[in-house]
Each structure stands twice: as C-alpha cells, then as structure tokens.
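With this note's numbering, the residue at position 26 of the sequence shown is 28, and numbering never jumps. Worksheet: the structure to be examined is printed underneath.
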Amino acid sequence: MNFQFEKTLRLLNASEYQAVFDESRLKVSSAEILFLARKNDLDRPRLGLVIAKKNVRLSVQRNRVKRNIRETFRHYQHNLKGIDVIVLARRGLDQLDNAQMQEICSQLWQQLEKRAEKRFRQREG
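Right, here's the structure in full:
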C-alpha cells in the first residue's frame, strides 16, 4: 500500500473547497477540530485544511497542526474512498501535544469512515 500524500489526494482550489462547504453531508468533530465531508466521484479521498490564524496564532503551531492532520490522513486514506474532507481547526487545538492531536484525529477519521459507509450505502441501496 502507498501511504504517500500526493497532489491527487488534496483539495487544490477554491471551487473544490466551496463544494465541500456547500454540500457537506457528513460532520464529525471534537472540541478542538471539525471534519466536513462530502462524496466525490473519484476512487480516492481528498483532504483540505483550514487552520485559521484566529484559532492557532503562531505559524509554527499551524504548521505542526497541519503536519499531524496530514499524517493521520495518510494512515486512514485507504479506508476513505471517494470522499472530500475539509478539516477545520477550532480554538485550543494548538494547546494539544502531538500525541493527543493524533489520537483525536484518528478517532475522528474512524467515525467519519463509519458514517460515510452508512450514509453512502443507504443512498446506493
């Protein structure tokens, strides 16, 4: 299995982000982070990150947050076929250490996987 985070696994432009914001049918969240998702017509998931300066002040912390989210996404990408996901940071995310952040993200990826399976299987059936 390939665990790289290639360009094809990213949301790249404003219209791709806007489609997820407008059509997000799946939401999972914790106090510090929110995942919005919608079905895409591809055989792979795509990830977009919105880590606002308002919620994570220091650029070092914003970069650390993005690195941790991308890392957990790489591990779960094979279970998330055909969805676009935007991850939004909330206040307090920069207060978590890497292990806590990765644990929360892992739990959210698993929740998203289950909800996506349930939601999209119902639509097809």
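Built from N, CA and C at the ideal position, the CB exists for glycine as well.
Close Cβ partners of residue i (< 6 Å) along its chain, the five nearest in sequence each way excluded
i, result
"R93", "N57"
"P47", "Q79, L82 and I85"
"E34", "R92, G94 and L95"
For residue j and residue i, believed in contact at Cβ under 8 Å, the rounded distance
i, j, result
"N42", "I85", "6 Å"
"L49", "L11", "6 Å"
"I88", "V22", "5 Å"
"N113", "N70", "According to the sequence shown, residue 113 is Gln rather than Asn. Not a contact, Cβ separation roughly 17 Å."
Limits of the unbroken alpha helix (DSSP H) element including residue i
i, result
"S61", "S61 to Y78"
"A33", "Run containing A33: none; DSSP gives neither H nor E here."
"D86", "No alpha helix (DSSP H) contains D86, which is instead part of the beta strand (DSSP E) from I85 to A91."
"N23", "Here residue 23 turns out to be Phe, not Asn, going by the sequence shown. F23 -> alpha helix (DSSP H) spans A16 to E25."
Residue-chain proximity (residue i, chain C), Cβ-Cβ < 8 Å
i, result
"L28", "Among the chains in the structure shown there is no chain C, since it carries only a single protein chain."
For residue i, the first and last residue of its enclosing beta strand (DSSP E)
i, result
"V58", "Premise fails: V58 is in no beta strand (DSSP E) and is neither H nor E."
8 Å CB neighbourhood of residue i in its chain, flanking five on each side removed
i, result
"R72", "F7, L49 and L51"
"D45", "K83 and G84"
Own chain partners of residue i with C-beta closer than 7 Å, once the 5 adjacent residues on each side are dropped
i, result
"S108", "T74"
Inter-residue spacing [alpha-carbon to alpha-carbon] between residue i and residue j
i, j, result
"K120", "S32", "20 Å"
"W111", "Q20", "21 Å"
"R117", "L38", "12 Å"
"V62", "D24", "30 Å"
"K9", "E18", "14 Å"
"K55", "N4", "32 Å"
"A16", "R40", "15 Å"
"F102", "V67", "Residue identity differs from the one stated: residue 102 is Gln in this sequence, not Phe. So the alpha carbons of these two residues sit roughly 11 Å apart."
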